[in-house]
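These notes are about the structure you will find just below.
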DNA sequence: GTCTATAAGAAGATAGAC
DNA sequence: GTCTATCTTCTTATAGAC
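Chains as they are written, first to last, in the UniProt record's numbering: chain A, 1 to 198; chain B, 1 to 198.
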């Protein structure tokens with residue numbers, strides 16, 4: 001990994017752990033092993049480095065979600081895979097936490113990847129739910145609202161888990177929403193349940 | 001409002017807007033109108049001031065929720081009131097945002113009010129849901145998991161709304177979870193619906 | 001590309017006068 | 001109780017040598 005790459009990855013870690021406001025150029029230099037001059041050679045400053053780091057984290061998040069959304073299986077199976085995916089719950093969401101950072105939200109360039117990522121995930125989930133309704137697998141009145149609620153539970157699960165200091169709390173939130181979602185399942189579609197749990 | 005009080009309230013605002021890491025003693029002094037010496041006369045430093053501010057915000061959050069949880073009406077009506085309460089959505093949750101602050105989470109004293117508040121809200125909601133199951137109003141398999149999911153949707157709704165820059169997103173998340181919850185309503189209990197909407 | 005030197009201003013206080 | 005002075009360390013760079 002070259003210097004530029006190490007700078008980006010170190011910034012990603014620090015933004016995840018401490019946010020933009022809580023991350024100093026000095027901390028980035030120390031973690032990456034790059035010197036002062038080296039950092040300012042590759043990037044004009046903290047904002048440009050942060051943009052590279054945030055963009056990459058946002059792409060990462062979309063790629064992971066996309067893998068689950070496009071997997072084989074029923075709509076409910078794919079949504080369940082997304083909700084129950086293993087996460088570093090106690091570290092929080094690398095993208096979601098940026099919404100709490102005043103300087104990220106105040107800078108349109110830094111904010112854009114965050115905004116686009118949540119819009120993308122919500123839209124994809126909404127399409128998935130709509131597909132489930134169309135095929136008769138699910139009965140829900142408003143796929144867009146349901147999708148928003150699903151993404152919100154994942155994000156809020158991080159908040160509660162961090163508050164309590166326990167990753168289990170996130171899992172419990174997923175249990176809760178999945179139990180409610182299971183009630184929207186059309187019994188007629190149960191025969192094609194690939195998990196054989198019905 | 002005396003000086004001490006102005007210091008606490010100014011700190012509350014700044015913690016809400018910028019978090020603990022992003023809030024400096026100087027900013028607190030400027031917003032409150034108190035001088036350097038005055039601030040350090042009333043409080044030993046930033047951590048003690050933050051503790052007073054966080055404690056008060058946590059009490060505030062519990063009081064508001066308690067008012068909705070103990071109101072008249074069906075369990076679902078009370079939960080709906082809680083979820084749909086008017087909030088300063090784009091500012092985020094004054095307590096929830098603290099879970100993203102590394103220095104708050106690292107200090108047991110600052111962290112305790114945050115942890116206790118979310119535990120309290122979740123427990124109260126869980127009891128409410130259990131009451132609904134007992135009276136036959138609702139049919140849900142696991143009230144504790146459902147309660148966790150409900151609090152998570154509220155918190156995650158803030159995250160999504162801030163990401164998109166729109167309070168409507170929070171409302172949409174509430175629509176989504178309430179639609180799922182409505183499916184858990186026992187038709188037999190509809191006759192006692194005090195809102196007369198059934 | 002990387003290193004060291006330098007620097008203005010903020011962060012987070014302490015000390016002592018009034 | 002409040003004010004001003006002082007202090008150390010950190011922040012976020014810039015300049016110029018190697």
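Positions of the beta carbon are idealized from the N, C-alpha and C atoms, including for glycine. This structure is a prediction, so every number in the text was calculated from the model and none was measured.
Inset, instruction - Given a cut-off of 7 Å, decide if residue 165 (chain A) and residue 155 (chain B) are closer than it, judged by their beta-carbon atoms. - result: Contact: no.
Legend entry - residue 21 (chain A) beta carbon less than 7 Å from that of residue 22 (chain B): Yes, Cβ-Cβ distance for residue 22 (chain B) and residue 21 (chain A) is below 7 Å.
Inset, instruction - Compare the C-beta of residue 180 (chain A) against all C-beta atoms of chain B and say whether one is closer than 7 Å. - result: Interface flag for residue 180 (chain A) against chain B is set, since a Cβ pair is found closer than 7 Å.
Inset, instruction - Compare the C-beta of residue 198 (chain A) with all C-beta atoms of chain B and state if any pair is closer than 7 Å. - result: Because residue 198 (chain A) sits at a pLDDT of 42, beneath the cut-off of 50, its placement in the model cannot be relied upon, and the point is left open.
Inset, instruction - Compare the C-beta of residue 7 (chain A) against all C-beta atoms of chain B and say whether one is closer than 7 Å. - result: So no, residue 7 (chain A) is outside the interface.
Inset, instruction - Kindly say whether residue 136 (chain A), judged by its beta-carbon, lies nearer than 7 Å to any beta-carbon of chain B. - result: Under the Cβ criterion of 7 Å, residue 136 (chain A) is not counted among the residues facing chain B.
Inset, instruction - Determine the contact status of residue 65 (chain B) and residue 121 (chain B), defining contact as a CB-CB distance below 7 Å. - result: Yes; because the gap between Cβ atoms is below 7 Å, this pair is in contact.
Legend entry - Residues in the segment 1-26 of chain B having any Cβ partner in chain A nearer than 8 Å: Within the segment 1-26 of chain B, the residues whose Cβ lies closer than 8 Å to some Cβ of chain A are 17, 18, 19, 21 and 22, listed in chain order.
Legend entry - Contact set between the segment 73-102 of chain B and chain A, restricted to residues whose Cβ is under 9 Å from the partner: Within the segment 73-102 of chain B, the residues whose Cβ lies closer than 9 Å to some Cβ of chain A are 92, 93, 95, 96, 97, 98, 99, 100, 101 and 102, listed in chain order.
Inset, instruction - Along the alpha helix (DSSP H) that carries residue 112 (chain A), what are the first and last residues, could you check? - result: Unbroken alpha helix (DSSP H) run through residue 112 (chain A): 108-134.
Legend entry - Buried versus exposed, by CB contacts within 10 Å (16 or more), residue 146 (chain A): Flag for residue 146 (chain A) reads buried.
Inset, instruction - Using only alpha-carbon positions, find the residue among B:181, B:187 and B:49 that is nearest to residue 80 (chain B). - result: Nearest of B:181, B:187 and B:49 to residue 80 (chain B), Cα basis: B:181.
Inset, instruction - Would you please verify whether the beta carbon of residue 175 (chain A) is less than 7 Å from any beta carbon of chain B? - result: It does; some Cβ of chain B falls within 7 Å.
Inset, instruction - Could you name each continuous alpha helix (DSSP H) segment of 4 residues or more that falls completely within the UniProt DNA-binding region "H-T-H motif" (24-43) of chain B, going from the start of the chain to the end? - result: Runs of the alpha helix (DSSP H) inside the UniProt DNA-binding region "H-T-H motif" (24-43) of chain B: 25-32 and 36-42.
Inset, instruction - Give every residue of the same chain whose Cβ lies closer than 8 Å to the Cβ of residue 41 (chain B), excluding the five residues on either side of it in the sequence, and list them in chain order. - result: Correct list: empty, nothing qualifies.
Legend entry - Chain-order list of residues whose beta-carbon lies under 8 Å from that of residue 58 (chain A) (same chain, five-residue window excluded): Excluding sequence positions up to five before and after residue 58 (chain A), its CB lies within less than 8 Å of the CB of 95, 113, 114, 116 and 117, all in the same chain and listed in chain order.
Legend entry - Rounded Cβ spacing between residue 15 (chain A) and residue 54 (chain A) (contact assumed at less than 8 Å): Correct: roughly 7 Å between the Cβ atoms.
Inset, instruction - Kindly list the residues whose CB is nearer than 6 Å to the CB of residue 124 (chain A), restricted to its own chain and excluding five residues on each side of it in sequence; keep chain order. - result: Spatial neighbours of residue 124 (chain A) in its own chain (CB-CB distance under 6 Å, excluding positions within 5 residues in sequence) are listed in chain order as 69.
Inset, instruction - Answer yes or no: does any C-beta atom of chain B fall closer than 7 Å to that of residue 64 (chain A)? - result: Under the Cβ distance rule, residue 64 (chain A) does not count among the residues neighbouring chain B, no pair being separated by less than 7 Å.
Inset, instruction - Could you spell out where the alpha helix (DSSP H) holding residue 82 (chain A) opens and where it closes? - result: Residue 82 (chain A) -> alpha helix (DSSP H) spans 75-84.
Inset, instruction - Give the straight-line distance between the Cα atoms of residue 9 (chain B) and residue 19 (chain B), rounded to the nearest whole angstrom. - result: Cα to Cα, the separation comes out at about 14 Å.
Inset, instruction - Compare the beta carbon distance of residue 149 (chain A) and residue 136 (chain B) with 7 Å and say whether it is the shorter of the two. - result: In this structure, the beta-carbon distance from residue 149 (chain A) to residue 136 (chain B) does not fall below 7 Å.
Inset, instruction - Express the C-alpha separation of residue 131 (chain B) and residue 138 (chain B) in angstroms, rounding to a whole number. - result: Residue 138 (chain B) and residue 131 (chain B) have their alpha carbons spaced roughly 9 Å apart.
Inset, instruction - Show which residues of chain B have a CB atom less than 7 Å away from the CB atom of residue 164 (chain A). - result: Taking a Cβ-Cβ threshold of 7 Å, the residues of chain B close to residue 164 (chain A) are 115, 118 and 119, in chain order.
Inset, instruction - Determine, using beta carbons only, whether residue 183 (chain A) comes closer than 7 Å to chain B. - result: Chain B has a Cβ within less than 7 Å of the Cβ of residue 183 (chain A).
Legend entry - Assigned exposure category for residue 36 (chain B) - 16 Cβ within 10 Å defines buried: By the neighbour-count definition (other C-beta atoms within 10 Å, threshold 16), residue 36 (chain B) is an exposed residue.
Inset, instruction - Say whether chain A places a C-beta atom closer than 7 Å to the C-beta of residue 70 (chain B). - result: By this cut-off, residue 70 (chain B) is not an interface position.
Inset, instruction - Measure how close the beta-carbons of residue 152 (chain A) and residue 153 (chain B) come, nearest whole angstrom, since I'm counting them as under 8 Å. - result: Distance from residue 152 (chain A) to residue 153 (chain B) at the Cβ level is roughly 5 Å; contact confirmed, criterion being Cβ atoms closer than 8 Å.
Inset, instruction - Quick one: list the residues of chain A neighbouring residue 133 (chain B), beta-carbon separation under 8 Å, in chain order. - result: The contacting residues do not exist; residue 133 (chain B) stays about 13 Å from chain A at best.
Inset, instruction - Output yes if chain A places a C-beta closer than 7 Å to the C-beta of residue 123 (chain B); else output no. - result: No, residue 123 (chain B) does not count as interfacial toward chain A.
Inset, instruction - Look at residue 75 (chain B) and residue 128 (chain B) and say whether their C-beta atoms are less than 7 Å apart. - result: Their beta carbons are under 7 Å apart, which means residue 75 (chain B) touches residue 128 (chain B) by this criterion.
Inset, instruction - Just mark residue 126 (chain B) as buried or exposed, buried being the case when its beta carbon has 16 or more other beta carbons within 10 Å. - result: So residue 126 (chain B) counts as buried.
Legend entry - Residue burial classification, residue 45 (chain A) (beta-carbon count within 10 angstroms, cutoff 16): Exposed, because fewer than 16 other Cβ atoms sit within 10 Å of the Cβ of residue 45 (chain A).
Inset, instruction - Using a Cβ cut-off of 7 Å (strictly closer), state whether residue 37 (chain A) contacts chain B. - result: Between residue 37 (chain A) and chain B, the shortest Cβ-Cβ separation is not below 7 Å.
Inset, instruction - Taking only heavy atoms of the ligand ZN into account, decide whether any of them is closer than 6 Å to the Cβ of residue 174 (chain B). - result: In the structure shown, the ligand ZN is absent, as is every other ligand, since no ligand is present at all.
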